[in-house]
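A short write-up of the structure that comes next.
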Amino acid sequence: MTNWNDIVNILVSQSRILKDMTSISAATLAGKTAKKTTPVIASPTITQKKTEEIQVAEKPNTMVIMQTQLASETIQEMLLKLQETMMKNHTETRTDTNEIKEEMRSFKTEVRSDIMKLDGKVDSIPKALEKNKNKIKEVEKKDRKNRTRDRKNKSTTEIDKQRDGRLPHTY
């Protein structure tokens, strides 16, 4: 895993180094203004000292430049690895998203089918209720008819019994 604190520290140090390399100090400016007032012809020893000072001053700068380049290359490598990881993750995420979309489509189709089946059953419920009510009415009618018929039969049977019972008395 990338240690972001290290990257931030490297970037901060690089910005300081670049700032030091590109800034002009007050002493340098004072030296430049002093050059204007100094004589144009300088002695060879002074020129040699200045050249040595410049070379000494340039050596740390080359070291700083090398460190900066090394840090930049390291950061570039890290960024390339990060980019590769991001692309890999993006591809995996896209694949996962497509799989989820496909699963959702099939689930939606399945749910719609189930809803349509339920709608058909719900529509058939009132029809079944009506049919059952009609059957109940028919059964009740038949029951009433059977009762009245049974009453008639019973009363007829009673009348017949009474008649049968009277006949032997009348002989």
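Residues -9 to 161 in the numbering used here are what the sequence shown spells out, letter by letter. Backbone N, C-alpha and C define an ideal beta-carbon position, used for all residues, glycine too. What you are looking at is a predicted structure, and each value in this text was computed from that prediction instead of being measured.
- Here DSSP, grouped into helix, strand and coil, assigns asparagine 79 to helix.
- DSSP, reduced to helix, strand and coil, places asparagine 51 within a helical segment of the structure shown.
- Secondary structure at asparagine -7: coil, using DSSP grouped into helix, strand and coil.
- No Cβ-Cβ contact shorter than 8 Å links isoleucine 7 with isoleucine 65.
- Selection Val(-2), Lys135 and Ile55 evaluated against threonine 12 yields Ile55 as nearest (Cα-Cα).
- Between the alpha carbons of threonine 52 and methionine 76 lies a gap of roughly 35 Å.
- The Cβ-Cβ distance between threonine 81 and glutamine 4 does not fall below 8 Å.
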